[in-house]
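See the structure below:
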């Protein structure tokens with residue numbers, strides 16, 4: 262019998278995971294739980310303090326100024342109160358993609374029986390995204406020959422800017438936590454997020470590449486089309502809440518049915534579920550993610566509208582994609598899952614923003630899960646799906662909601 | 124030439140105008156898209172020039188030769204055993220079958236008796252390699268359609284197990300050089316047969332997983348059913364063989380119709396589908412994995428406990444008698460034929476490989492027309508070409 266020097270481990274069969282490994286998995290869950298406890302405790306203890314802290318600082322500085330015998334001009338405070346929320350949004354938008362990308366890498370890896378990043382940052386590649394970001398910053402910025410330099414330069418900016426602005430009226434937990442209070446918050450978010458299409462078209466056209474043109478045109482057609490069922494799916498929500506303000510919609514979902522089920526819009530029988538599913542599907546399409554990622558369809562168009570981008574410009578498209586995913590999930594959490602409301606009042610010791618981010622990341626998980634499970638649709642079937650399936654059902658749903666609304670009143 | 128018609132091939136052969144100039148000669152709603160040779164889904168260095176009307180293909184011209192190494196000419200300067208390692212490089216996804224096909228031709232010339240143990244080993248290795256090749260197809264076809272995860276399952280888990288088995292068997296994972304003239308190079312190591320049996324059981328379970336994840340996925344079926352239909356008559360007239368032919372409803376399998384080796388001993392069915400679309404081409408390969416598992420089960424069960432692995436072949440100065448021989452077997456992509464002419468010397472006088480990928484690729488320019496860019500990728504993927512074999 263031939264015995265070679267090649268020592269080979271036997272085939273790995275999932276059902277035969279060694280007992281030691283299983284023990285290690287179990288232990289890692291225990292360790293994670295123990296680590297999470299103080300974090301939950303700290304968050305519960307802090308509660309709304311970080312937000313109140315800002316007001317306290319204002320009040321304190323006013324007092325200090327009064328003691329010193331002069332008064333801080335009111336406009337100073339106004340400027341601060343305007344600037345601070347936006348600093349918060351911008352910082353959030355820098356941090357969120359860093360976490361989301363890592364999270365997506367890890368979830369995708371585990372769906373695909375891989376480990377994912379394990380090295381950078383020691384703990385399961387926690388700093389991998391930061392390393393990637395540094396790499397992208399240091400990369401050469403290439404503008405292809407024959408490109409329209411102005412369009413090519415401004416496209417990523419125009420894609421990213423609306424993504425940031427959209428976060429302005431989002432209540433991060435409570436009505437008061439919205440950086441800006443808008444009575445037409447929902448309309449504002451949906452409207453501004455539609456602006457990014459222009460950037461995609463610019464990127465597609467300005468790159469002087471046929472793949473980019475195809476990608477850009479696909480993206481434009483897709484995003485404009487899916488905007489419609491998405492908005493119509495939200496009409497029942499607005500009808501039930503009676504307001505377009507995101508905070509108002511969130512507050513309209515307070516309370517419990519029969520003391521058990523929270524009055525979130527997703528739990529409104531039939532109407533709520535149809536609306537949520539249509540919203541979820543068209544949001545995935547809006548963010549150009551996998552069953553609908555025709556705009557960048559790697560196997561067909563190499564990379565679609567950002568084929569000819571490199572370095573930080575490419576990263577800006579990437580950031581916009583993750584920002585929009587985060588936005589779609591945040592909107593989903595506010596509109597359908599009660600925003601920062603706990604699942605049961607007895608759990609309200611966990612502050613609202615923790616609930617909010619928990620729901621957002623649960624939705625993000627669904628996005629990632631779908632992405633790594635489904636193949637890509639074809640461009641004409643995508644349009645058919647939008648116009649012949651989603652849109653009629655969204656309209657039927659509006660009618661249903663109206664009927665139920667009438668019956669109730 | 125009338126406005127809007129471009130003979131791409133003629134232009135290219137004449138070293139003709141650049142794409143930009145050609146675009147001007149297209150009608151104003153058409154454009155030329157150059158796909159490859161560097162493109163994520165042309166499976167190597169194939170180049171296809173597409174004339175598009177919007178996203179619809181009106182003309183497709185494949186351009187080959189980016190991987191040409193002159194293997195057939197090289198054969199004329201290699202001794203007979205030396206050439207086996209070059210057959211590995213033809214279709215690098217099922218190198219075992221390539222080895223086998225070439226060795227079969229030499230054995231035909233020399234009229235060698237092959238020991239039963241060696242013949243069974245050839246079938247075991249060949250069928251394992253066929254499964255490995257089809258697994259890679261399932262994975263990459265999934266990627267072409269946009270599903271990334273099945274790739275990691277088929278390619279990263281099951282195919283890896285087969286490569287591990289091969290590594291134990293012959294020390295190599297891609298280019299095996301395992302089948303030799305008159306037999307095989309290595310005997311099975313201890314416990315290998317049990318490991319292979321275990322793998323076959325595992326593989327059967329995994330097929331259900333692929334079905335759930337990919338084969339019957341509504342989006343996947345939507346993308347592949349009725350796409351790129353290749354009719355029975357067209358397939359025969361192009362000389363297409365292998366799974367692509369069987370997907371068009373022709374139950375032609377050399378293992379059944381013209382059994383070589385010990386195939387006549389084993390029970391198995393020929394996987395056939397009727398419609399000739401992308402989904403059928405996919406499903407034929409998926410069914411073939413099932414059938415290969417059946418053959419493997421029987422072969423591993425009836426594996427002779429002892430015996431020679433190499434027939435009576437001279438170790439050095441191998442000189443087949445002058446003459447010619449043509450051998451063919453059912454490769455993972457179709458009929459894999461080797462035509463060999465010997466002048467009685469140390470090296471072949473002439474060698475020709477009937478590469479199934481090359482012949483299957485010929486149908487491409489006809490079945491691509493009328494489909495969208497996304498379908499081009501699906502059709503190209505479903506034909507399952509290996510550029511190493513196309514260009515040789």
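Residue numbers (the numbering used here), protein chains in the order written: chain G, 262 to 670; chain E, 124 to 515.
Glycine residues also receive a C-beta, built at the ideal position from the N, C-alpha and C atoms.
Measure the C-alpha to C-alpha separation of residue 495 of chain G and residue 631 of chain G and round it to an integer number of angstroms. The straight-line gap separating the alpha-carbon atoms of residue 495 of chain G and residue 631 of chain G is approximately 22 Å.
Which value, in whole angstroms, describes the spacing of the CA atoms of residue 403 of chain E and residue 643 of chain G? Separation of residue 403 of chain E and residue 643 of chain G (C-alpha to C-alpha, rounded to the nearest whole angstrom) is 23 Å.
Determine whether the Cβ of residue 153 of chain E lies closer than 8 Å to any Cβ atom of chain G. Interface residue (Cβ-Cβ distance to chain G less than 8 Å): residue 153 of chain E is not classified as such.
For residue 214 of chain E and residue 438 of chain E, believed in contact at Cβ under 8 Å, the rounded distance: Taking C-beta atoms under 8 Å as the contact rule, residue 438 of chain E and residue 214 of chain E fail to qualify, at a distance of about 28 Å.
Where the stretch 318-350 of chain E meets chain G: residues whose CB sits under 8 Å from a CB there: Result list: 318, 321, 322, 325, 336, 337, 340, 342, 343, 345, 346.
Check whether the Cβ of residue 669 of chain G lies closer than 8 Å to any Cβ atom in chain E. Taking Cβ atoms only, chain E never reaches closer than 8 Å to residue 669 of chain G, which makes this a no.
Using a Cβ-Cβ cutoff of less than 8 Å, which residues in the same chain neighbour residue 309 of chain E once the five nearest sequence positions on both sides are dropped? Correct list, in chain order: 292, 293, 294, 301, 432.
Grouping DSSP H, G and I as helix and E and B as strand, with all else coil, what is residue 181 of chain E? Note: residue 181 of chain E maps to strand in three-state DSSP.
In angstroms, rounded to a whole number, what distance separates the CA positions of residue 609 of chain G and residue 299 of chain G? Going by the C-alpha atoms only, they are around 17 Å apart.
Beta-carbon neighbours of residue 636 of chain G, restricted to chain E and to distances below 8 Å: Correct list: 265, 268, 269, 270, 337, 340, 342, 343, 346.
Per DSSP, residue 387 of chain E is paired with what? In DSSP, residue 387 of chain E forms no bridge with anything.
Interfacial residues, the stretch 418-438 of chain G to chain E, with Cβ spacing under 8 Å: Taking 8 Å as the Cβ-Cβ cut-off against chain E, none of the residues of the stretch 418-438 of chain G qualify.
Could you round the C-beta distance between residue 337 of chain E and residue 384 of chain E to whole angstroms and report it? I think they count as a contact, below 8 Å. Incorrect: roughly 32 Å between the Cβ atoms, too far for contact.
Please report the residue range of the beta strand (DSSP E) in which residue 176 of chain E lies. For residue 176 of chain E, the enclosing beta strand (DSSP E) has its first and last residue at 170-176.
Output yes if chain E places a C-beta closer than 8 Å to the C-beta of residue 409 of chain G; else output no. No, because no Cβ of chain E sits closer than 8 Å to the Cβ of residue 409 of chain G.
Could you tell me which chain G residues have their CB closer than 7 Å to the CB of residue 162 of chain E, listed as they occur along the chain? By Cβ distance, chain G contributes 563.
Tell me the rounded alpha-carbon separation between residue 477 of chain G and residue 460 of chain G. Straight-line spacing of the CA atoms in residue 477 of chain G and residue 460 of chain G works out to 9 Å.
Rounded to whole angstroms, what's the CA-CA distance from residue 569 of chain G to residue 234 of chain E? Just pull it up for me. For residue 569 of chain G and residue 234 of chain E, the gap between their C-alpha atoms comes out near 59 Å.
Thinking just about the alpha-carbon of each residue, which of G:665, G:617, G:629, G:296 is nearest to the one in residue 366 of chain G? It is G:629.
Residues of chain E with a CB under 9 Å from the CB of residue 552 of chain G: which are they? Residues of chain E passing the Cβ test: 269, 342.
When the Cα atoms are used, what is the spatial distance from residue 249 of chain E to residue 169 of chain E? Computed Cα separation, rounded: 27 Å.
Report all residues from its chain with a CB closer than 7 Å to the CB of residue 423 of chain G; omit the five preceding and five following residues, and keep chain order. The answer, listed in chain order, is 453, 454, 456, 457.
Please report how far the alpha carbon of residue 285 of chain E lies from the alpha carbon of residue 270 of chain E, in whole angstroms. Rounded to whole angstroms, residue 285 of chain E to residue 270 of chain E spans 23 Å at the Cα level.
Determine, using beta carbons only, whether residue 604 of chain G comes closer than 8 Å to chain E. It does not: the Cβ of residue 604 of chain G has no partner Cβ on chain E nearer than 8 Å.
Chain G beta carbons: is any one of them nearer than 8 Å to that of residue 145 of chain E? Bear in mind that the predicted position of residue 145 of chain E carries a pLDDT of just 47, short of 50, making it unreliable; the figure below should be weighed with that in mind. Chain G contact via Cβ: absent.
Any Cβ of chain B within less than 8 Å of the Cβ of residue 406 of chain G? Looking for chain B here will not work: the only protein chains present are G and E.
Alpha carbon to alpha carbon, how far is residue 415 of chain G from residue 579 of chain G? Approximately 15 Å between the Cα atoms of the pair.
Quick one: what's residue 465 of chain E bridged to in DSSP? According to DSSP, which records beta bridges pairwise, residue 465 of chain E is partnered with E:446.
Consult DSSP for residue 310 of chain E and reduce its assignment to one of helix, strand or coil. Looking at residue 310 of chain E - three-state DSSP - the assignment turns out to be coil, as it is neither helix nor strand.
Near residue 147 of chain E, which residues of its chain fall below 7 Å by C-beta distance, leaving aside the five closest residues on each side in sequence? Residue confidence for residue 147 of chain E is low, a pLDDT of 46 falling below 50, so the modelled location carries little weight; the figure read from the coordinates is stated next. Closer than 7 Å at Cβ, skipping near neighbours: no residue.
Could you check whether the stretch 333-340 of chain G touches the stretch 367-377 of chain G, counting it as contact only if at least three pairs of C-beta atoms, one from each stretch, sit closer than 8 Å? At 8 Å Cβ cutoff, the stretches do not touch.
Between the C-alpha atoms of residue 314 of chain E and residue 281 of chain G, what's the straight-line distance to the nearest angstrom? In this structure, the straight-line span from the alpha carbon of residue 314 of chain E to that of residue 281 of chain G is close to 24 Å.
Find out if the Cβ-Cβ distance for the pair residue 436 of chain G, residue 511 of chain G is shorter than 8 Å. Less than 8 Å divides the Cβ of residue 436 of chain G from the Cβ of residue 511 of chain G.
Under 8 Å, with one C-beta from each stretch per pair, do the stretch 388-395 of chain G and the stretch 350-364 of chain G reach the 3-pair mark? Verdict: yes, contact present.
With DSSP run on the structure shown, which of helix, strand or coil describes residue 511 of chain E? Helix, per DSSP.
Could you check whether residue 409 of chain E and residue 261 of chain E sit closer than 8 Å to each other, using their CB atoms as the reference points? Cβ atoms of residue 261 of chain E and residue 409 of chain E: closer than 8 Å.
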